[in-house]
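Residue numbers (the working numbering): 347 to 608.
Built from N, CA and C at the ideal position, the CB exists for glycine as well.
Note that the structure is a prediction, hence the values are computed from the model and not measured.
A short write-up of the structure that comes next.
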Amino acid sequence: MPTYRCADQVVRVLEGVDDALAARVREIWVVDNRSPDGTAEAALGVARSGRLPNLRVFRTRQNNSLGGTHKTVFRRAAEVGASHVVVLHGDDQAVAAEVGLLLDRVERDPSVQTVLGSRFSRGSRLVGYDRKRVAGNRVLNVVYSVVTGRRLADLGSGLNCFAVADLDERTYLRFADGLTFNFELLLDLVRRRVAFAYEPITWREEDQVSNARNVKVFTTALANLLRWRLGRPAGPAPAADREYAMDELDPSGPAAGVGAAS
């Protein structure tokens, strides 16, 4: 179960993982994407406390943005023989305890092993989410559903559970490393006819981004959908020098980032 981002937020996310939830997953990974915000140091502090004995802290070898971090985690999960990987963004917008909702769905429905968190389904709860953003997301969900012929309730929240067997390295490694990765991954699941389901989740939005950025995300999502429909790549392929790998940080080391082990 990997989690990402700023130091204080990551600590709050980890505080939301109680003993019962921690016991349901093999390992909890905090992945620092070479950020300068103290994420690794904060996570190592939690690891040293011993409260979460299955917590491990990693640092990626390159800053590959959100999409590249997904790729790194997916590859490592396959290498260690994990059956599922839960992606929980470390920005404290999703509720860590609701990881259990996705795991419950996986356990009770063997036919669906990839379960995506939905901010816009019946039963979802939005806190502080701008109405214009809600409307824009709902429009995108409808457009994507019509074009793909499959009901899509969210194009990419910060809480998702993927069956490793449902992921295809041959395709996802070609996707963009930035924010468009979520759109491309979802469309790839649709194209390959992977069975997946949505689970309503709670989403808290306390750091609204600018309307200019919202418009850019909206138009990019539509452009990606059009290219997918035409059978074209959603965007430029990642640079050839990208390395999707991460090293574990030693909590007993003299400082975060020192004593990394491959």
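Name the two residues that bound the continuous beta strand (DSSP E) containing residue i.
{"i": "F508", "result": "L505 to A509"}
{"i": "A543", "result": "F542 to P546"}
{"i": "L462", "result": "T460 to S464"}
Classify residue i as helix, strand or coil using the three-state DSSP reduction.
{"i": "T406", "result": "strand"}
{"i": "E444", "result": "helix"}
{"i": "F521", "result": "coil"}
{"i": "G469", "result": "coil"}
{"i": "L595", "result": "coil"}
{"i": "L513", "result": "coil"}
{"i": "L576", "result": "coil"}
{"i": "L501", "result": "coil"}
{"i": "L550", "result": "The sequence shown places Arg at residue 550, not Leu. Here R550 sits in strand by DSSP."}
{"i": "R588", "result": "coil"}
{"i": "D438", "result": "coil"}
{"i": "V555", "result": "At V555 the pLDDT is 48, less than 50, meaning the model places this residue with poor confidence and gives no usable figure here."}
Taking the alpha helix (DSSP H) that residue i belongs to, which residues open and close that run?
{"i": "F529", "result": "F527 to R537"}
{"i": "A481", "result": "R477 to T494"}
State the CB to CB distance for the pair residue i and residue j, rounded to an integer number of angstroms; the pair is presumed to be in contact (CB under 8 Å).
{"i": "S501", "j": "L532", "result": "Looking at the sequence provided, one finds Leu at residue 501 rather than Ser. Their Cβ separation, rounded to whole angstroms, is 6 Å, which keeps L501 and L532 in contact under 8 Å."}
{"i": "A522", "j": "G413", "result": "6 Å"}
{"i": "T548", "j": "V473", "result": "7 Å"}
{"i": "P597", "j": "L390", "result": "5 Å"}
{"i": "F404", "j": "V433", "result": "Not a contact, Cβ separation roughly 14 Å."}
{"i": "S429", "j": "V371", "result": "Wrong, their Cβ atoms sit about 11 Å apart, outside the cutoff."}
{"i": "R496", "j": "V536", "result": "5 Å"}
{"i": "E594", "j": "R397", "result": "With a Cβ gap of about 19 Å, E594 and R397 do not count as contacting."}
{"i": "S457", "j": "S464", "result": "Not confirmed; about 19 Å, so no contact."}
{"i": "L486", "j": "E545", "result": "At roughly 19 Å, the Cβ-Cβ gap does not stay under 8 Å, so L486 and E545 are not in contact."}
{"i": "V489", "j": "L571", "result": "7 Å"}
{"i": "G446", "j": "V356", "result": "Going by Cβ atoms, the distance from G446 to V356 rounds to 19 Å, so no, they are not a contact pair."}
{"i": "V561", "j": "L525", "result": "About 14 Å; that fails the 8 Å criterion."}
{"i": "V461", "j": "A369", "result": "Their Cβ separation, rounded to whole angstroms, is 19 Å, which puts V461 and A369 out of contact at 8 Å."}
*Within the segment 349-431, note down every full alpha helix (DSSP H) run reaching 4 residues or more, in order along the chain.*
353-361, 365-369, 385-395 and 411-425
*Do the segment 435-452 and the segment 493-510 touch if we need at least three Cβ pairs shorter than 8 Å?*
yes
*Between the segment 509-518 and the segment 417-427, do three or more beta carbon pairs fall short of 8 Å?*
Cβ pair count under 8 Å is three or more, so yes.
*asked:* Does the contact criterion of 3 or more C-beta pairs under 8 Å hold for the segment 586-601 versus the segment 393-412?
replied: yes
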